[in-house]
Amino acid sequence: AANSLTPKPHWGAYPATVTGIGMEVMDFIAFMSPDAEELKARYAALQRLDVAAKGIWPESEAECFGSTRHKMPLFGSDLDMRIKTGGRNENIPECQGITQMGNEILNQSWALDCDPRTSGRVPMITYKDKASGLKCKVCVGNRMTVRGTSFFNSPMIPLSARFPVFKLLMHPLKCVFTQRGLEKSFAGGLGTFRVGMMLLNYLAMHAPASTQAPTNEMMGAIVVGFFRYYTGESPDNSPEAATWQKWPENFKFKGEFYVMGVQVDFGG
C-alpha cells in the first residue's frame, strides 16, 4: 500500500486511451498492494498461530493458503491460514481440531473476538490479530479443509505463470468485485477462485499475445476487453480495434452461457 516511498499517483492526468487506462491500473496496483510492513505483519501473525498450534500438536505447522500464499492479497484483506497436523494427529477430525485450537486461541492475548465455528461448509476459526488488525481465518486438518481454494492447489497456478499479467490484474479485478459486494461465493458472488478462472479463460483466448510482458496499452486493453466479454457486449471488429476487443468463434457469447476453457465447481 502507499507509503512515504510510493510515487504519488497522478490521478486524473491520464490520457483518454487504453494506454491511459493501463497507466492508471498500474498506479492503482502499486498504491493498493500490501507493502513490506504489512507483509511482515502477516508473517508475524502466522508465526504466533504456529507457536500456539505447536503447544497442542508439536508436529503441526501453520501455513498460509490462497491469495496470501500466492502473493495476490489486497491491502488489509483477510489472512487465510491452515494448521497442518502431523504424527498421531495427522487425521484429526476437523470439528475436533477447530474446538481444540479455538480454545487455545481464546486464551491468547494477541487474539480478539475469537469465534470457532464447527458448522458450515468449511469449519473454521475467525479472530482479529491484535498487533496487525488483520482478520484471520483458520482451518485445521489435512482432508478437505481448503477445498474452497482448489484453484490455488491445482495446475491452474502453473498455468497462470504463462501470463505475466495474471497476478497484476487479479488485484484490480478483485477490488472491483469486493467494492460491489460480490467477493464472497457463498453469498452469491464470485470469489477469488472464479475471478481467477474468468481471467485465465480470457487470457487463454488471446494467447500468444497475452503471454507477452505487460505494457500500459496491454493492461488497459485487457481490462476493457475483459468486462466487454463478460457483460455480453459484442466484440469490436473494426480494423483499428485492439486485439483484446475481439474474440475467436469458439469463445463468443452464447445467450446466457459462456464457452469457457476452464472447469469450475458448481457444487456450491
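Under my numbering, the final residue of the sequence shown carries the number 265; numbering is consecutive throughout. Ideal placement from N, C-alpha and C gives every residue a C-beta, glycine not left out.
Should residue i be counted as a contact of the ligand SAH given a C-beta to heavy atom distance under 7 Å?
i	result
A42	In the structure on display, the ligand SAH does not appear, and there are no ligands present to speak of.
Cutting at 8 Å between CB atoms, please list the residues of its own chain near residue i, excluding the five before and the five after it.
i	result
K125	A108, L109, D110, L131, K132, C133
V192	M167, L170, K171, F174
I26	L165, H168, P169
C92	T115, P120
I think residue i touches residue j, with their Cβ atoms under 8 Å apart; what is that distance to the nearest whole Å?
i	j	result
V22	P169	6 Å
I18	V221	7 Å
L197	S157	6 Å
Please go through the same chain and pick out, in chain order, the residues whose beta-carbon is closer than 6 Å to the beta-carbon of residue i, but skip the five residues on each side of it.
i	result
G94	V137, G138
K127	W107, L109
G292	The question about residue 292 has no answer here: the residues shown for the chain are numbered -2 through 265.
R45	W107
What separation, rounded to the nearest whole angstrom, lies between the Cα atoms of residue i and residue j?
i	j	result
A218	I122	41 Å
Y11	V162	20 Å
E214	S30	21 Å
I80	V119	14 Å
M69	I53	31 Å
T208	A42	36 Å
E180	Y199	19 Å
T96	M20	48 Å
T212	V135	38 Å
So, for residue i: in the same chain, excluding its five sequence neighbours on each side, which residues have a beta-carbon less than 7 Å away from its beta-carbon?
i	result
I102	A49, A108, C111, I122, Y124
L105	In the sequence on display, residue 105 carries Gln and not Leu. Correct list, in chain order: A49.
D47	E58, A59
T65	R39, L76, D77
Every unbroken beta strand (DSSP E) within the stretch 14 to 65, with a cutoff of 3 residues, ordered by chain: 58 to 61
In chain order, each alpha helix (DSSP H) run of at least 4 residues that lies wholly inside the stretch 83 to 137: 91 to 103
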